[in-house]
Each structure stands twice: as structure tokens, then as C-alpha cells.
Amino acid sequence: YPNPGNGQLHFEGSLQSSTPMKMKIMSVTGQKVDEILLSNGHQRFDYYLPNKGLYYIHISNQQGSLYSGKLTVW
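Taken in order, the sequence shown gives residues 1457 to 1530; the numbers are from the working numbering.
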């Protein structure tokens, strides 16, 4: 949150996985903006996206997708 937002984003929640997880942030054109390794359990961190636009987030582990969503920065 917030979504939509001004670029300063806060991520918080619990993830359960027996294998390593990663969160990819992609631009609307499909270009990888960042990739963040996530640990099992409670996650809480801030992230800044400096450019306005629509972004996609995808959280996955070795077995496949765990979550997909959109972020809007205005």
C-alpha cells in the first residue's frame, strides 16, 4: 500500500513456502525493474518506484506462482 501511490510503497504480509521465494517488479512494457529475494514467514519492507506508471508484481517459488498483482504510481 498505497495503491495507487506516489512511488513510496509498503509491503507487509505472510508468505509460506518450503523453497526460496522472489518478487519480481516489471514495467508495463515487460522490462524487469527489480527482483527481491523473500524469506519464509512475515515480510515487512518499504520500496520506492521513482517513475510514474503501471507496474506488475509477481511472487513465486520453485513450484510456481504464489501471487500476482498491479501497482500504479502517479
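Cβ coordinates follow ideal geometry from the N, Cα and C atoms, glycine included.
This structure is a prediction, so every number in the text was calculated from the model and none was measured.
Check: Is it true that the CB of Met1477 sits closer than 9 Å to the CB of Ile1515?
Finding: yes
Checklist line | Among Met1479, Gln1519, Tyr1503, Ser1495, nearest to Leu1465 - alpha-carbon criterion | finding: The option with the nearest alpha carbon to Leu1465 is Tyr1503.
Next item on the list: Could you check which residue in Ser1521, Leu1493, Pro1506 has the C-alpha nearest to that of Thr1528?
Entry: Pro1506
Notebook entry, point to check: In its own chain, which residues sit with a C-beta less than 7 Å from the C-beta of Gly1463, not counting the 5 before and 5 after it?
Noted result: Tyr1504, Leu1505, Pro1506, Val1529
Next item on the list: Look at the alpha carbon of Lys1488 and the alpha carbon of Leu1522, and state the distance between them as a whole number of angstroms.
Entry: 18 Å
Item checked: When Gln1518, Tyr1512, Asn1517 are compared against Ser1524, the one with the closest alpha-carbon -> Tyr1512
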